[in-house]
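Student: Take 37 as the starting number for the sequence shown in the working numbering and just add one per residue.
Backbone N, C-alpha and C fix where the C-beta goes; we use that ideal spot for every residue, glycine too.
As the structure is a computational prediction, the values presented were derived from the model and not from experiment.
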Amino acid sequence: MSNDRKGKFLRVKCLDCDNEQIVFDHAASTVKCIICGKTMVESTGGKSKITAHIAEVVK
């Protein structure tokens, strides 16, 4: 099987409260921090705009 996915899952860290969440880098909707509500990922119709610190790429 080929592992040629277009997107990646990322562990991102909120800049306001340091909460970590796993998000998709091609998210179809806005993702907010579940603790403080700050926007972490914004949908752009393709690759998302990440507004949080990327801690790691999840394999």
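Do you know offhand how far Glu92's Cα is from Leu46's?
Tutor: Mapped onto the sequence shown, residue 92 falls at position 56. Mapped onto the sequence shown, residue 46 falls at position 10. Their Cα atoms are separated by approximately 6 Å.
Student: Could you tell me which residues DSSP puts in a beta bridge with Leu51?
Tutor: The residue given as residue 51 occupies position 15 in the sequence shown. In DSSP, Leu51 forms no bridge with anything.
Student: Excluding the 5 residues preceding and the 5 following His62 in the sequence, name in chain order all residues of the same chain whose CB lies nearer than 8 Å to its CB.
Tutor: Taking the first residue of the sequence shown as position 1, residue 62 is located at position 26. Hits under 8 Å: Lys42, Gly43, Gly82, Lys83 and Ser84.
Student: To the nearest angstrom, how far is the alpha carbon of Thr75 from that of Lys68?
Tutor: Walking along the sequence shown from the start, residue 75 turns up at place 39. Walking along the sequence shown from the start, residue 68 turns up at place 32. Distance between the alpha carbons of Thr75 and Lys68 is about 4 Å.
Student: Pull up the distance between the alpha-carbon of Ile90 and that of Glu78, whole angstroms please.
Tutor: Here the question's residue 90 lines up with position 54 in the sequence shown. Here the question's residue 78 lines up with position 42 in the sequence shown. Ile90 and Glu78: Cα-Cα distance of roughly 14 Å.
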